[in-house]
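> Submitted below is the structure of interest, expressed as structure tokens.
2 protein chains.
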Amino acid sequence: MDTGTAGGLPRLTRKGRATRERIVAVAAGLMFERGVAVTSIDDVRSAAEVSSSQLYHYFDGKRELVRAVIAHQTEAVLAAQQPQLSRLDSIEGLQTWRDLVLGVQAGRNGAGGCPIGSLAAELAEIDPEARLDLADGLGRWAGAIRDGLAAMRARGDLDESADPDRLAMVTLAALQGGLLLAQVHRDTAPLQAALDAAIAHIRSFEVAVAG
Amino acid sequence: MDTGTAGGLPRLTRKGRATRERIVAVAAGLMFERGVAVTSIDDVRSAAEVSSSQLYHYFDGKRELVRAVIAHQTEAVLAAQQPQLSRLDSIEGLQTWRDLVLGVQAGRNGAGGCPIGSLAAELAEIDPEARLDLADGLGRWAGAIRDGLAAMRARGDLDESADPDRLAMVTLAALQGGLLLAQVHRDTAPLQAALDAAIAHIRSFEVAVAG
DNA sequence: CCTGTTCTGGATCGGCAACTCCAGAACAGG
DNA sequence: CCTGTTCTGGAGTTGCCGATCCAGAACAGG
């Protein structure tokens with residue numbers, strides 16, 4: 002794992018890494034709850050219990066910090082779903098994943114949206130580099146879904162005409178759109194409907210089981 | 002149409018209404034391009050070519066202005082899609098609507114997202130009243146879609162088991178999620194995939210035509 | 001016209017946000 | 001231990017942002 006700054010790594014001490022991690026984690030939390038723009042450096046500073054100079058010791062400025070948060074959230078989301086994502090190669094696996102996502106969101110009463118999607122909506126138009134990072138993160142997410150679907154197809158569970166890349170995009174879009182509607186309505190029903198529809202759509206490519 | 006402030010309307014002159022409209026329209030444009038938080042009152046002020054006092058003459062503050070922008074964008078989106086939305090009661094109608102949405106987004110090279118959805122993502126967690134306005138706006142949008150689907154079902158084109166409310170939510174979620182992915186990837190392919198999947202899902206409830 | 005209201009220009013204020021700076025403490029590696 | 005680097009505390013600077021204020025122009029309705 003890298004220290005953060007590409008290439009010219011400034012050699013972090015064990016303690017240094019811990020502090021840096023703490024700052025990023027705290028910043029990620031605040032920015033998820035309230036948004037990037039509304040979260041000031043000073044909010045992060047006091048919540049992480051670090052001094053102003055520490056923040057600027059580890060990050061060139063707010064933009065750098067935000068990019069670190071993007072990386073952090075990407076890893077967090079993928080890590081949290083890894084068990085379920087790696088077993089996405091069956092309809093049951095999809096259902097389990099659906100239940101997981103839905104459960105997390107229900108626990109928040111629908112609030113909060115997607116840790117990556119929210120950042121994407123806020124940053125895509127105003128920070129080109131952040132947009133690329135987010136595109137990459139969402140791409141990895143879609144990739145994980147696609148792998149499962151590709152396995153299903155290779156095994157013969159899905160028809161040849163099923164395009165794993167496309168279906169993964171559709172599923173991720175359903176998730177993101179469902180989360181947004183759930184967030185606005187403070188109700189997980191839209192998310193549930195969207196995910197179930199996505200799975201139903203995948204099932205429409207199922208090959209009739211012989212036996 | 003109301004002047005904006007609920008109830009105690011402060012009697013706007015013809016010119017006053019024009020100025021107010023101009024401010025809202027300009028603010029809506031800027032906030033769509035860059036986001037609410039990044040758009041300062043002064044940005045709006047200079048872009049709309051009004052003085053600071055005018056802004057505060059028509060709006061109590063930035064929050065009020067934002068809420069006016071939400072109302073403005075809701076009307077704008079519904080008005081722009083009205084012709085197609087009112088003919089959403091057939092598969093062809095859905096296709097036409099899909100083509101419209103996709104065309105608009107392609108014209109922007111995928112950038113920009115949804116005028117309502119972007120606001121929703123940015124404001125849902127930090128402005129409860131704005132969230133309700135946005136829920137209402139998205140609700141009206143979903144309602145328009147549902148009406149078309151309900152008409153299809155009543156006519157017998159869709160199976161009894163098709164739930165228009167649910168399908169409308171699914172379609173709107175697909176649209177929002179597709180727009181977000183399109184925005185991040187600067188590519189309309191995800192939006193196209195999502196919308197086509199939503200329509201395919203609706204078609205799965207189609208009743209076989211006799212003749 | 002006259003009169004009260006609405007509309008407009010522009011200066012101004014307080015506060016906060018991002019960022020800088022420097023001196024000293026903690027630390028790693030020899 | 002010694003030495004150079006990393007890490008930390010906290011005061012300070014600059015600029016912008018939302019909001020206010022007041023005086024005067026434009027206007028509506030009689």
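Residue numbers (the working numbering), protein chains in the order written: chain C, 2 to 212; chain E, 2 to 212. A virtual CB, placed ideally from N, CA and C, is assigned to each residue, including glycine.
1) With distances taken Cα to Cα, identify the nearest neighbour of residue 72 (chain C) among C:162, C:127, C:22.
2) Since I believe residue 150 (chain C) is in contact with residue 168 (chain C) (beta carbons under 8 Å), could you give me their beta-carbon distance rounded to a whole number of angstroms?
3) Which complete alpha helix (DSSP H) runs does the stretch 6 to 51 of chain E hold, if anything under 4 residues is left out?
4) Between residue 106 (chain C) and residue 192 (chain C), how many whole angstroms is the CB-CB distance? I'm expecting something under 8 Å.
5) Taking 9 Å as the cut-off, decide whether the C-beta atoms of residue 184 (chain E) and residue 125 (chain C) are in contact.
6) Tell whether a beta-carbon distance below 9 Å holds between residue 121 (chain C) and residue 135 (chain C).
7) Whose CA, out of C:99, C:139, C:127, lies closest to the CA of residue 189 (chain C)?
8) Identify, in the order they occur along the chain, each residue of the same chain with its Cβ nearer than 7 Å to the Cβ of residue 154 (chain E), setting aside the five sequence neighbours on each side.
9) Quick check: residue 201 (chain C) and residue 202 (chain E), are their CB atoms within less than 9 Å of each other?
10) Once the 5 residues before and after residue 194 (chain C) are set aside, which same chain residues still bring their CB inside 8 Å of it?
11) Kindly indicate which three-state DSSP category residue 159 (chain C) falls into: helix, strand or coil?
12) Give the residues of chain E in contact with residue 39 (chain C), contact being defined as C-beta atoms less than 8 Å apart.
13) Within this structure, are the beta carbons of residue 68 (chain E) and residue 123 (chain E) separated by less than 9 Å?
14) If contacts are defined as beta-carbon pairs under 8 Å, then residue 75 (chain E) and residue 138 (chain E) qualify, I think. What distance do you get, rounded to the angstrom?
15) In its own chain, which residues sit with a C-beta less than 6 Å from the C-beta of residue 182 (chain E), not counting the 5 before and 5 after it?
16) For residue 207 (chain E), list the residues DSSP reports as bridge partners.
17) Cβ closer than 8 Å: which chain E residues qualify as neighbours of residue 1 (chain C)?
18) Relative to the C-alpha of residue 82 (chain E), which residue among E:146, E:140, E:15, E:51 is closest?
19) Where residue 58 (chain E) and residue 79 (chain C) are concerned, what is the direct C-alpha to C-alpha distance, given to the nearest angstrom?
20) Determine, using beta carbons only, whether residue 51 (chain E) and residue 14 (chain E) come nearer to each other than 9 Å.
21) Contact defined as beta carbons within less than 8 Å: I believe residue 117 (chain E) pairs with residue 39 (chain C). What is the distance between those atoms, to the nearest angstrom?
22) Does DSSP put residue 152 (chain C) in a helix, a strand or coil?
23) Using the rule of at least 16 other Cβ atoms within 10 Å of the residue's Cβ for burial, across every protein chain shown, is residue 111 (chain E) buried or exposed?
24) Alpha carbon to alpha carbon, what distance is there between residue 119 (chain C) and residue 187 (chain E)?
25) Out of curiosity, what's the CA-to-CA distance linking residue 196 (chain E) and residue 196 (chain C)?
26) Helix, strand or coil for residue 188 (chain E), going by three-state DSSP, please let me know.
27) Where residue 113 (chain C) and residue 30 (chain E) are concerned, what is the direct C-alpha to C-alpha distance, given to the nearest angstrom?
28) What residues from chain E crowd round residue 184 (chain C), counting only those whose CB sits closer than 8 Å?
29) Please say whether residue 63 (chain C) and residue 92 (chain C) have beta carbons closer to each other than 9 Å?
30) Put residue 109 (chain C) into one of helix, strand or coil per three-state DSSP.
31) Using the three-state DSSP reduction, which class does residue 114 (chain C) fall into: helix, strand or coil?
32) To the nearest whole angstrom, what separates the beta carbons of residue 1 (chain C) and residue 48 (chain C), a pair I think is in contact under 8 Å?
33) If the criterion is Cβ atoms closer than 9 Å, does the pair residue 90 (chain C) and residue 152 (chain C) meet it?
34) Given a threshold of 16 other Cβ atoms within 10 Å of its Cβ, counted over all protein chains shown, does residue 198 (chain E) qualify as buried or as exposed?
35) Measuring alpha carbon to alpha carbon, tell me which residue in E:172, E:171, E:160 is nearest residue 209 (chain E).
36) Using the Cα positions of residue 66 (chain C) and residue 33 (chain C), report the straight-line distance between them to the nearest angstrom.
Short version:
1) Working through the first sequence from its first residue, we reach residue 72 (chain C) at position 71. Checked all of C:162, C:127, C:22; the closest Cα to residue 72 (chain C) is C:22.
2) If you number the first sequence from 1, residue 168 (chain C) lands on position 167. If you number the first sequence from 1, residue 150 (chain C) lands on position 149. Contact flag correct, Cβ pair sits at about 5 Å.
3) If one requires a minimum length of 4 residues, the alpha helix (DSSP H) runs lying completely within the stretch 6 to 51 of chain E are 15 to 35, 42 to 48, in chain order.
4) The residue labelled residue 106 (chain C) in the question sits at position 105 within the first sequence. The residue labelled residue 192 (chain C) in the question sits at position 191 within the first sequence. Contact holds; Cβ gap of about 6 Å.
5) Within the second sequence, the letter at position 183 stands for residue 184 (chain E). Within the first sequence, the letter at position 124 stands for residue 125 (chain C). Cβ distance < 9 Å, so residue 184 (chain E) and residue 125 (chain C) count as in contact.
6) Translated into positions along the first sequence, residue 121 (chain C) becomes position 120. Translated into positions along the first sequence, residue 135 (chain C) becomes position 134. Their beta carbons are under 9 Å apart, which means residue 121 (chain C) touches residue 135 (chain C) by this criterion.
7) Your numbering for residue 189 (chain C) matches position 188 in the first sequence. For residue 189 (chain C), the nearest C-alpha among the options comes from C:99.
8) In the second sequence, residue 154 (chain E) corresponds to position 153, counting from 1. Correct list, in chain order: 163, 165.
9) What you label residue 201 (chain C) is simply residue 200 of the first sequence in a count that begins at 1. What you label residue 202 (chain E) is simply residue 201 of the second sequence in a count that begins at 1. Going by C-beta atoms, residue 201 (chain C) is nearer than 9 Å to residue 202 (chain E).
10) Residue mapping note: residue 194 (chain C) aligns to position 193 of the first sequence, counting from 1. For residue 194 (chain C), where only same-chain residues beyond five positions count, the Cβ hits under 8 Å are 179.
11) Position 158 of the first sequence, counted from the first residue, corresponds to residue 159 (chain C). In this structure, residue 159 (chain C) counts as strand in the three-state DSSP scheme.
12) Within the first sequence, numbered from 1, the residue matching residue 39 (chain C) stands at position 38. Simply 38, 127.
13) The residue labelled residue 68 (chain E) in the question sits at position 67 within the second sequence. The residue labelled residue 123 (chain E) in the question sits at position 122 within the second sequence. It is not a contact, given that the beta carbons lie outside the stated cut-off.
14) Along the second sequence, read from residue 1 onward, the residue named residue 75 (chain E) stands at position 74. Along the second sequence, read from residue 1 onward, the residue named residue 138 (chain E) stands at position 137. Indeed they touch by this definition, with Cβ atoms about 4 Å apart.
15) Your numbering for residue 182 (chain E) matches position 181 in the second sequence. In the same chain as residue 182 (chain E), and ignoring 5 residues on each side of it, the C-beta atoms closer than 6 Å to its own belong to 191, in chain order.
16) As a working note, residue 207 (chain E) is residue 206 in the second sequence. Beta-bridge pairing links residue 207 (chain E) to E:159.
17) The structure shown does not extend to residue 1 (chain C), since chain C spans only 2 to 212, so no value can be given for it.
18) Working through the second sequence from its first residue, we reach residue 82 (chain E) at position 81. Taking residue 82 (chain E) as reference, the option from E:146, E:140, E:15, E:51 with the minimal CA-CA separation is E:146.
19) Working through the second sequence from its first residue, we reach residue 58 (chain E) at position 57. Working through the first sequence from its first residue, we reach residue 79 (chain C) at position 78. Looking at the two C-alpha atoms, the distance is approximately 49 Å.
20) Here residue 51 (chain E) refers to the residue found at position 50 when the second sequence is read from its first residue. Here residue 14 (chain E) refers to the residue found at position 13 when the second sequence is read from its first residue. The answer is no: Cβ separation not under 9 Å.
21) Stepping through the second sequence from its first residue, residue 117 (chain E) is reached at position 116. Stepping through the first sequence from its first residue, residue 39 (chain C) is reached at position 38. Their Cβ separation, rounded to whole angstroms, is 20 Å, which puts residue 117 (chain E) and residue 39 (chain C) out of contact at 8 Å.
22) As a working note, residue 152 (chain C) is residue 151 in the first sequence. Helix.
23) For the purposes of this step, residue 111 (chain E) is identified with residue 110 of the second sequence, where counting begins at 1. When all chains shown are included, residue 111 (chain E) counts as buried.
24) On the second sequence, residue 187 (chain E) is found 186 positions in, with the first residue counted as 1. On the first sequence, residue 119 (chain C) is found 118 positions in, with the first residue counted as 1. Near 17 Å, if we compare the C-alpha coordinates of residue 119 (chain C) and residue 187 (chain E).
25) If you number the second sequence from 1, residue 196 (chain E) lands on position 195. If you number the first sequence from 1, residue 196 (chain C) lands on position 195. Taking the straight line joining both Cα atoms gives about 14 Å.
26) In the second sequence, residue 188 (chain E) corresponds to position 187, counting from 1. The answer is coil: DSSP assigns residue 188 (chain E) none of H, G, I, E or B.
27) Taking the first sequence and counting its residues from 1, the one referred to as residue 113 (chain C) is at position 112. Taking the second sequence and counting its residues from 1, the one referred to as residue 30 (chain E) is at position 29. Cα-Cα distance, rounded: 26 Å.
28) On the first sequence, residue 184 (chain C) is found 183 positions in, with the first residue counted as 1. Those are 121, 122, 125, 126, listed as they occur along chain E.
29) Counted from its first residue, the first sequence places residue 92 (chain C) at position 91. Counted from its first residue, the first sequence places residue 63 (chain C) at position 62. Not a contact, by the Cβ cut-off of 9 Å.
30) In the first sequence, residue 109 (chain C) corresponds to position 108, counting from 1. Of the three classes helix, strand and coil, the one that applies to residue 109 (chain C) here is coil, per DSSP.
31) Counted from its first residue, the first sequence places residue 114 (chain C) at position 113. In the structure shown, residue 114 (chain C) sits in coil (DSSP, three-state: anything other than H, G, I, E or B).
32) Summary: the structure shown does not reach residue 1 (chain C), with chain C confined to residues 2 through 212, and so no result is reported for it.
33) Start at 1 with the first residue of the first sequence, and residue 90 (chain C) comes out as number 89. Start at 1 with the first residue of the first sequence, and residue 152 (chain C) comes out as number 151. Contact: yes.
34) Position 197 of the second sequence holds residue 198 (chain E). Buried, by the Cβ-count rule.
35) The sequence position of residue 209 (chain E) within the second sequence is 208, counting from 1. Among E:172, E:171, E:160, the Cα nearest to that of residue 209 (chain E) belongs to E:160.
36) Position 65 of the first sequence holds residue 66 (chain C). Position 32 of the first sequence holds residue 33 (chain C). For residue 66 (chain C) and residue 33 (chain C), the distance between alpha carbons rounds to 14 Å.
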